[in-house]
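Here the structure is laid out as structure tokens; the discussion comes afterwards.
2 protein chains.
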Amino acid sequence: MTGPRGFEHAEFETRTARAQDRMGQAGLAGLLLTTEAEIRYFTGFHTLFWQSPTRPWFVFVPRDGKPVAVIPQIGLDLMQRTWIDDIRCWMAPDPADDGITLLHDLLAPLARAGQVIGLPKGPETHLRMPLADYERLMAGLTGLQVVDATDLIRALRMVKSEAEITKIAHICAIAGRSFDLLPGFARAGAPLDEVFRSFRRAALGQGADDVPYLVGGADRGGYRDVISPPSARPLAAGDVLMLDTGACWDGYFCDFDRNFAVGPPDDATLRAHDTLWRATEAGLAAARPGATCRDLFQAMHSVIADRADQPGDVGRLGHGLGMQLTEWPSLAPWDDTVITENMVLTLEPSLGYGAGRIMVHEENIVIRADGPELLSPRAPRDLPVI
Amino acid sequence: MTGPRGFEHAEFETRTARAQDRMGQAGLAGLLLTTEAEIRYFTGFHTLFWQSPTRPWFVFVPRDGKPVAVIPQIGLDLMQRTWIDDIRCWMAPDPADDGITLLHDLLAPLARAGQVIGLPKGPETHLRMPLADYERLMAGLTGLQVVDATDLIRALRMVKSEAEITKIAHICAIAGRSFDLLPGFARAGAPLDEVFRSFRRAALGQGADDVPYLVGGADRGGYRDVISPPSARPLAAGDVLMLDTGACWDGYFCDFDRNFAVGPPDDATLRAHDTLWRATEAGLAAARPGATCRDLFQAMHSVIADRADQPGDVGRLGHGLGMQLTEWPSLAPWDDTVITENMVLTLEPSLGYGAGRIMVHEENIVIRADGPELLSPRAPRDLPVI
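Sequence lines, in order, name chains A and B.
Sequential numbering of the first sequence, starting at 1, is according to my numbering.
Sequential numbering of the second sequence, starting at 1, is according to my numbering.
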């Protein structure tokens with residue numbers, strides 16, 4: 001079930017070949033990548049060292065052949081263990097030249113030939129290098145055209161391999177077992193920050209590598225925000241508690257939440273939970289190849305609109321999931337991406353109720369030929385009471 | 001000792017006033033910020049939601065008055081609890097307009113007046129928004145000059161307040177107690193990935209909010225790289241084990257490591273440990289207000305150069321520490337930053353020995369008027385044997 005850590009080299013060969021096919025269609029001579037997920041996607045380079053903002057890292061995927069790494073010397077040993085052969089290093093940090101000369105030398109022949117390269121510049125991307133360095137690099141590469149490669153990367157990363165799906169399923173199962181343990185430590189009187197800490201320890205105990213994302217809330221009759229760090233307020237009878245976790249294993253995330261009532265919940269809370277459970281069912285029924293993200297949004301939204309006083313205001317009702325906690329696509333009215341087999345998605349309906357109370361549900365699924373397969377254990381039909 | 005979570009509003013008022021003083025000197029009408037640390041520094045907005053790359057967040061610090069937040073609707077409730085009054089939201093994600101119209105409206109008067117704003121564009125910074133959105137925003141703001149504000153932000157953030165130092169000291173103490181517990185779970189036969197997991201659980205048990213950074217290595221006679229994820233290889237007699245942790249509490253990091261021998265170490269390992277312990281002592285002796293980062297580097301490097309066969313190749317021998325695992329300045333030959341009171345730094349000497357073995361030491365200090373104060377408990381004089 002777990003599968004080994006890492007990937008066979010064939011995984012990276014396939015990813016690169018698919019990128020190169022699309023580069024051919026788009027007339028691109030290469031892709032310049034600066035972000036953790038993209039560099040790991042094409043090379044397998046996996047390290048927490050990205051936590052340090054000090055050093056930039058670069059990978060160039062040429063139209064033919066293997067990716068080329070342009071990286072700080074400190075990463076040489078680890079990059080040599082990937083399938084990459086061409087690794088160019090400098091002694092970083094070096095504010096006077098943090099890889100810019102190496103990048104210039106790599107790209108100058110393309111600039112002289114007036115070629116076009118792709119760089120992710122669109123939604124959900126950013127350039128992870130000093131902007132002044134980027135401007136300096138480009139100023140020295142007259143003739144090089146740089147176009148947005150977001151759609152190319154997005155199309156590849158949205159559809160997961162079986163090896164990727166196995167990792168996501170594994171961390172979803174770990175988080176599911178961790179939620180099962182929650183009633184043991186989330187009792188009335190327990191401070192919320194201690195509940196968070198205990199959940200992290202439980203998830204590590206169940207086999208998670210880390211729990212980079214853990215948010216939630218607890219408040220009398222219902223929580224009011226879903227992105228705050230926890231307070232030290234003790235759980236009390238009458239609270240509704242929600243924990244939403246992005247735990248990871250071997251570089252892949254789960255992202256789902258669970259709601260609990262501390263003591264008997266009020267009717268409005270029960271109704272909110274019931275509405276979101278039904279909305280999720282509607283999302284599951286709609287999650288088939290050929291549907292669009294908009295269709296999934298509408299399926300969930302129509303249940304909420306029929307039954308709830310207030311829609312939620314999180315901007316969408318689910319999203320992609322994989323190497324990052326949130327990835328393309330978005331289950332939103334503006335996203336007409338067609339759902340295809342092996343996309344991994346979250347279904348995340350939400351609503352408002354009462355005076356400022358909100359409720360969110362979330363499940364993780366993979367799209368199969370005949371419909372969705374749940375990766376997270378389905379939340380219980382009735383709101384669990386602690 | 002711990003101090004409360006968060007900061008008094010006066011902390012943010014002081015930070016903003018200092019930034020505005022420097023903006024006045026530099027002729028800047030404002031600062032545009034897009035990154036987690038900078039936005040938290042000026043507003044107190046603190047959330048793990050940054051783990052999601054989907055939504056951009058913006059803060060503009062004007063020449064006079066409080067910072068202005070331009071943020072996704074999902075962050076409104078949390079931002080309203082900060083000292084900020086002017087909060088402008090949109091329903092993100094919205095690929096057609098992810099805050100760009102709001103930013104345009106905010107900055108257009110400055111553009112019409114031909115004013116200059118600052119944006120961090122230099123070393124250790126990046127622009128956390130889609131590059132295409134930035135280019136579109138700037139194309140619509142003819143007349144606005146954007147200059148690099150890295151030095152301004154760097155000068156402020158390098159020097160910590162007592163409230164910040166208290167938080168860093170607290171997490172350093174937590175990590176120190178966690179290292180004390182390590183011999184209880186890092187025994188011969190324990191797989192390295194289980195040792196990592198146990199360390200994380202220990203740190204959470206000691207009060208850490210999270211352990212976002214944990215790297216290290218263990219290998220026969222000495223480890224060979226310091227940025228890899230752990231393997232499942234069991235610890236064995238003759239190994240040298242190193243763990244390097246960036247744990248955090250209330251948004252502030254520690255960053256230090258500890259070395260252990262599994263069973264009696266060989267002479268080369270003992271000598272390496274002794275050299276790095278002496279190099280750290282030399283760094284401590286040099287760490288006084290008025291010295292430069294280059295001086296600290298030289299103090300440590302000269303010990304290593306005298307006694308070790310091979311210098312390390314990590315590019316520097318320490319760095320700043322605070323809201324991020326690594327911050328300016330760098331203890332490196334090219335960094336002539338003058339050390340001042342209340343800078344928090346790591347001393348991180350390293351060397352190579354034998355065939356590809358490396359060793360690193362790291363301590364965390366705050367600079368006081370009369371010299372350094374250790375925030376991490378000083379590593380033992382002799383390499384501890386498990």
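C-beta atoms are modelled at their ideal positions from N, C-alpha and C, and glycine is treated no differently.
For clarity, every value in this text was computed on a predicted model and none was experimentally measured.
- For residue 211 (chain B), the enclosing beta strand (DSSP E) stretches over residues 210 to 220.
- Here the alpha carbon of residue 81 (chain A) sits roughly 26 Å from the alpha carbon of residue 247 (chain A).
- With contacts defined by Cβ atoms closer than 9 Å, residue 127 (chain A) and residue 34 (chain A) form a contacting pair.
- Taking C-beta atoms as the reference points, residue 150 (chain B) and residue 67 (chain B) fail to come closer than 9 Å.
- Taking 9 Å as the cut-off, the Cβ atoms of residue 95 (chain A) and residue 183 (chain B) do not count as close.
- Excluding its 5 nearest sequence neighbours in each direction, residue 208 (chain B) has C-beta neighbours in its own chain below 8 Å: 171, 174, 175, 178, 247, 248 and 249, listed in chain order.
- From the beta-carbon of residue 290 (chain A), no residue of chain B is found nearer than 9 Å; the closest lies around 22 Å away.
- When DSSP states are grouped into helix, strand and coil, residue 367 (chain B) belongs to the strand group.
- Nearest CB-CB separation between residue 339 (chain A) and chain B: not below the 9 Å threshold.
- Contact of residue 159 (chain A) with chain B by beta-carbon distance below 7 Å is absent, the smallest such distance being about 19 Å.
- Counting only runs of 4 or more residues that sit fully inside the stretch 113 to 170 of chain B, the alpha helix (DSSP H) segments are 131 to 139 and 150 to 158, in chain order.
- Look at residue 353 (chain B): its C-beta is not under 9 Å from any C-beta on chain A.
- Identification of residues in the stretch 189 to 221 of chain A having a C-beta nearer than 9 Å to some C-beta of chain B yields 193, 196, 197, 198, 200, 201, 204, 205, 207, 208, 209, 210, 211, 212, 213, 214 and 215, given in sequence order.
- Counting of Cβ neighbours within 10 angstroms places residue 381 (chain A) among the exposed residues, the total staying below 16.
- One thing to note: residue 296 (chain B) has its Cβ no nearer than 9 Å to the Cβ of residue 364 (chain B).
- Between the C-alpha atoms of residue 64 (chain A) and residue 20 (chain A) there is a straight-line separation of about 7 Å.
- The stretch 218 to 234 of chain A makes no contact with the stretch 287 to 305 of chain A: fewer than 3 CB pairs, one atom from each, lie closer than 8 Å.
- Between the alpha carbons of residue 357 (chain A) and residue 11 (chain B) lies a gap of roughly 31 Å.
- Under the 10 Å beta carbon count, residue 333 (chain B) is surrounded by fewer than 16 other beta carbons and is classified as exposed.
- Counting every other CB atom within 10 Å of its CB across the protein chains shown gives residue 201 (chain B) a total of 16 or more, marking it as buried.
- Cβ proximity to chain B below 9 Å picks out 119, 120 and 121 from the stretch 109 to 121 of chain A.
- Residues of the stretch 70 to 86 of chain B whose Cβ lies closer than 9 Å to any Cβ of chain A, in chain order: 72, 73, 74, 75, 76, 77, 78 and 81.
- Contact with chain B is found for residue 49 (chain A), since one of that chain's Cβ atoms lies less than 9 Å from the residue's Cβ.
- Proximity of residue 228 (chain B) to chain A, defined by a Cβ-Cβ separation below 9 Å, is satisfied.
- For residue 319 (chain A), the enclosing beta strand (DSSP E) covers residues 318 to 320.
- Residue 219 (chain A) and residue 315 (chain A) have their C-alpha atoms spaced approximately 23 Å apart.
- The DSSP-derived three-state label of residue 292 (chain B) is strand.
- For residue 334 (chain A), the chain B residues whose Cβ falls inside 8 Å of its Cβ are 94, 95 and 96, in order along the chain.
- Of all alpha-carbon atoms in A:74, A:374, A:58 and A:100, the one lying nearest the alpha-carbon of residue 254 (chain A) is that of A:374.
- Taking a contact to require three or more Cβ pairs closer than 8 Å, the stretch 327 to 345 of chain B and the stretch 89 to 105 of chain A qualify as touching.
- For the stretch 163 to 175 of chain A, the set of residues with a beta-carbon nearer than 8 Å to any beta-carbon of chain B is empty.
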